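What follows is a set of notes on a single structure, which appears directly below.
Residue numbers (our numbering), protein chains in the order written: chain R, 1 to 270; chain D, 271 to 715; chain S, 716 to 1088.
Here it is, written out as structure tokens:
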């Protein structure tokens, strides 16, 4: 949460500058034409997030990594829990990495088995958790995200939509020269940004990332605090969970209905 | 009507051949040149992937788009131009006649109309994705076709399955009558034939006849599209593309020949000819005006209620005309109670100079199980001038006695008969009178 | 005919088919036994089913894509339609919970159903109790049909008593949810382009609404009785969602309700046949009553088989012919016509109707009866 007004303003200006640079790029001027312009160099401003970024060279194509590693690093870059669908599209556009949608189920299974075996891993692939501690199976996260960041309250779906859209815009603005398929990535961002509230004209084929970023922050400001409060509460309640459950969600066996005690209004209230 | 159709169905089954339920065609014979449209859609998406078009009786022109979901529409341009040319020519020569095989094909054209006209109005910001003006015009022409189709008694657009079912009844269970091939088997079979049902079932099994590819061909196209996506060689892609286009063209040709067969069988049954010069002229001039001037859809309430009024008028006119020309149709109406036979037993004319005028006639109505004569009901002699409003109805041992106030045609009233009576032919609604007045003032036909 | 990929009918489809033809034991038995339809056809008829079976791949894809689009970005397209239809200030006021995100429908079927069902129960309960922050829109709820139990308490439809409607929307004033379905059929001018399919969708929603009624009843006997459901279709332009429509489904719900005792009856019949040593459905089929109707065409794979059965001869030409003949065969009618004495009123009316019809066709009744009998 950005609380420093100066910093917020700086971000805004930097984003606008990035956008302008992108717009300039899209004109595709020749070297000569460009020489005639008097464009000052744009300083690189990148705001550090809570987690540290991996130091990354300028190459876009990644060395062969397992699907698990790809997913984990996507999550690290974005710094937020992400829907598996978004991870899939993100990796495809950003790095040209293809992960089949069906893969995520087996990733979960494999991860849980590794945990049961007692494997040592610096970071685990984890999941979003509902207020009852159950997994949100399509919401992927890293074990080094705080519990508070991983739990899901009534407004978290909305908040994550705004926050991840903002983050995707930032990446488009800051990392545009290190994106494998910028066109596909732009469309990926646009597919999210189109549903931001307060967006006046959404034009297909136009990508005003800076404007979208601003709108996303505005939207976020509306619910971020409320959502944070809810998540704090939920996280507090869930700290009692066992390690495994805190990572993958509680798992109860699929009993047959006939063995279950009848679900009544009273038992649910407990 | 339902009872008659049911009885006909039993008879058709016994004869193993379709039975007619009317005496005359409700459409005129074809003009010199007809135009048939046989489209193929991608199921669910309602997108055209192929179209066969041209004169029935000759092989069709076929245009295809191997990857219909790409939303490319350039392939439709020759079709659009051919349709436009045909319509423009035909409205001047005689009248246009457009043949469409079945309801799904008409629906497809209707969806196309909405889409392409809309694409013309709301331009896609990406110029590469905008359909050409010929295709936008095609959308407009399809809307005109749809609008004409909904006009009662219209003579221009013929949906073959529906036309057949209006005139003939097969000997199979009604759900099977949706298949043009099955219908045609029954229509073409001679009374006393054998195995008609089996042949009809076979036709329905192997070909959907619903403006779509067979399941097999559909799946083949899917798998070839998949291969194209994966292929690295332009030559291979070309070859595979040609494979798809071949499958599409084959399907079009199959449905085209089914339509031709049905057309021949339909007219071959040799019912009495229909007589609808007025409505044909009206349809044609309606169309001609709209070919020259692009008319937007009426969305305002007044325009829509006017259209409704005209619709009701034409429906009534059409029905009266059919009853007049076709004694079998008259009998249908009798069975349903909407028409009757009666003698005029007395005529009471109000003497000249006396007001108010209330000419009356008495009728002796033949017995029939159903009759809908009620106070205030307005009836007219079929094909005649005499119009009366029911003042009194009474049952008798042999039928009914009725007294009518004569609203028109008292001079033609004379004791005698029997005459055929049916609902009053509707008078021109205000809208029509208004248009007629304007046309006469402007000197238009 | 649209069965699932494995040929098995879902529980809601089973209910619907039985509802549409409650006098046919065979269709109920196929639904109960949960065997693959083409396989059953092969076993009973003795050869492979040759016609088209199952939804076309393009439709499956389109439906899946439609859903994905509608559920993206915290289900914004659905939120927009809900805001319009229910008078919210805007889509941002619509709170969403997506159970498919938590427990994917495409995952393990039984565990998924159970878990989603429990979550759904909790949501429904909390909404009824007017708790705070209740979702206005729940995607992929799961409900149970507790009446689908055989007398011994076991589920009637083997392995499947859950329904999975597409979504449900909160009716704030009443504190209850309305069941909804999203279908990628195209609507134009506020009418579905393929109206035959509309009935099917309404029955599906009706099944879900019936299940919701039971859930509410188990919370509170005096809970409101819902009769309305929600529909969303696609516009002709691309795959965008059209307006949301709320419809009264009391008739369809009644129809589905009536199907349940029929299923229970047939379950008893099957149990009896099993006790007699017949285990395969194919072996039991000859002992099961069939009822051929016009609605069977395009709906049930067995129609070609049932057409041939002598017991269905009277129905073989459709309901209008049956009505004309008063349920008798042409031969029986001919015999009636040949009767010398006075006939009861009904038979007289029947004959009169046929006589009139024959007259219109230009043929006298004697010749007519001779030809058709």
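Don't be surprised by glycine CBs; every beta carbon is placed ideally from N, CA and C. If you're wondering where the values come from, they're calculated on a predicted model, not measured in any experiment.
Measuring alpha carbon to alpha carbon, tell me which residue in D/709, D/444, D/704 and D/618 is nearest residue 1035 of chain S. D/444
Identified DSSP bridge partners for residue 691 of chain D: D/610 and D/651
Taking beta-carbon pairs under 7 Å, can you tell me which members of the stretch 395-411 of chain D lie near chain R? 395 and 396
Residue burial classification, residue 59 of chain R (beta-carbon count within 10 angstroms, cutoff 16): Its pLDDT being 44, under 50, residue 59 of chain R is placed unreliably in this model, and the coordinates cannot settle the point.
Check the Cβ-Cβ distances between residue 161 of chain R and every residue of chain S, and say whether any is below 7 Å. yes
For the stretch 198-227 of chain R, enumerate the residues whose C-beta is nearer than 7 Å to any C-beta of chain D, in chain order. 203, 204 and 205
Give a yes or no on whether the C-beta atoms belonging to residue 771 of chain S and residue 313 of chain D are separated by under 7 Å. yes
Let me check one thing: in DSSP terms, what residues is residue 675 of chain D bridge-paired to? D/630 and D/659
Three-state secondary structure (DSSP) at residue 882 of chain S? strand
Leaving out five residues before and five after residue 41 of chain R in sequence, what residues of the same chain have Cβ atoms less than 7 Å from its Cβ? The predicted model places residue 41 of chain R with a pLDDT of 46, which falls under 50 and marks its position as unreliable; any figure quoted below should be read in that light. Contacts found: none.
Where residue 323 of chain D and residue 950 of chain S are concerned, what is the direct C-alpha to C-alpha distance, given to the nearest angstrom? 28 Å
If you measure from the beta carbon of residue 943 of chain S to each beta carbon in chain R, is any gap under 7 Å? no
Taking only beta-carbon atoms, is residue 46 of chain R less than 7 Å away from chain S? In this prediction, residue 46 of chain R scores a pLDDT of 38, lower than 50, which makes its location untrustworthy; no coordinate-derived value is stated.
Residue 276 of chain D versus residue 1068 of chain S - alpha carbon distance: 11 Å
With DSSP run on the structure shown, which of helix, strand or coil describes residue 1078 of chain S? coil
What residues of chain S sit near residue 443 of chain D, judged by a beta carbon separation below 9 Å? 1007, 1009, 1012, 1022, 1030, 1031, 1032, 1033 and 1036
Within its chain, find whatever has a CB closer than 7 Å to the CB of residue 44 of chain R; leave out the 5 residues flanking it on each side and keep chain order. Bear in mind that the predicted position of residue 44 of chain R carries a pLDDT of just 38, short of 50, making it unreliable; the figure below should be weighed with that in mind. Around residue 44 of chain R: no qualifying Cβ.
Excluding the five sequence neighbours on either side, which residues of its own chain have a C-beta within less than 7 Å of the C-beta of residue 1049 of chain S, listed in chain order? 1084 and 1088
Applying the criterion that 16 or more other CB atoms from any shown protein chain within 10 Å of the CB defines a buried residue, is residue 765 of chain S buried or exposed? exposed
Does the beta-carbon of residue 57 of chain R have 16 or more other beta-carbons within 10 angstroms, so that it is buried, or is it exposed? With a pLDDT of 43 at residue 57 of chain R, under the threshold of 50, the predicted position of this residue should be treated as unreliable, though the coordinate-derived value follows. Answer is exposed; the Cβ neighbour count stays below 16.
Closest residue to residue 362 of chain D among D/311, D/703, D/696 and D/556 (Cα-Cα distance): D/556
So, at 6 Å on beta carbons, what are the nonlocal neighbours of residue 331 of chain D in its own chain, with the 5 sequence-adjacent residues on each side left out? 323 and 324
Taking the runs of the alpha helix (DSSP H) that are 4 residues or longer, which of them lie wholly in the stretch 144-227 of chain R? 147-150, 156-174 and 182-193
By the three-class DSSP mapping on this structure, what secondary structure does residue 551 of chain D have? helix
Would you kindly work out how many angstroms separate the C-alpha atoms of residue 286 of chain D and residue 593 of chain D, rounded to a whole number? 29 Å
I need the straight-line Cα distance from residue 289 of chain R to residue 375 of chain D, nearest angstrom please. No answer is possible for residue 289 of chain R: it lies beyond the span of chain R, which begins at 1 and ends at 270.
Going by C-alpha to C-alpha distance, which of D/384, D/562, D/629 and D/416 sits closest to residue 675 of chain D? D/629
Would you mind telling me which residues of chain R sit closer than 8 Å to residue 879 of chain S, beta carbon to beta carbon, in chain order? Ordered by position in chain R, no residue passes the 8 Å Cβ test against residue 879 of chain S, which lies about 16 Å from the chain.
Residue 961 of chain S: first and last residue of the uninterrupted alpha helix (DSSP H) it sits in: Residue 961 of chain S -> not in any alpha helix (DSSP H); beta strand (DSSP E) instead, spanning 956-963.
Do you know whose CA, among D/646, D/642, D/686 and D/652, lies nearest residue 665 of chain D's CA? D/642
Nearest residue (CA-CA) to residue 810 of chain S, options S/795, S/936, S/913 and S/830: S/795
Using 7 Å as the limit for Cβ to Cβ distance, is residue 137 of chain R near chain S? yes
Check distances from the C-beta atoms of the stretch 560-575 of chain D to those of chain S and list, in chain order, the residues that come in under 9 Å. none
Beta-carbon separation of residue 812 of chain S and residue 753 of chain S under 7 Å? no
For residue 298 of chain D, would you say it is in contact with chain S, using Cβ-to-Cβ distances shorter than 7 Å as the test? no
Considering only C-alpha positions, which residue in the set S/734, S/779, S/1024 and S/1043 is nearest to residue 977 of chain S? S/734
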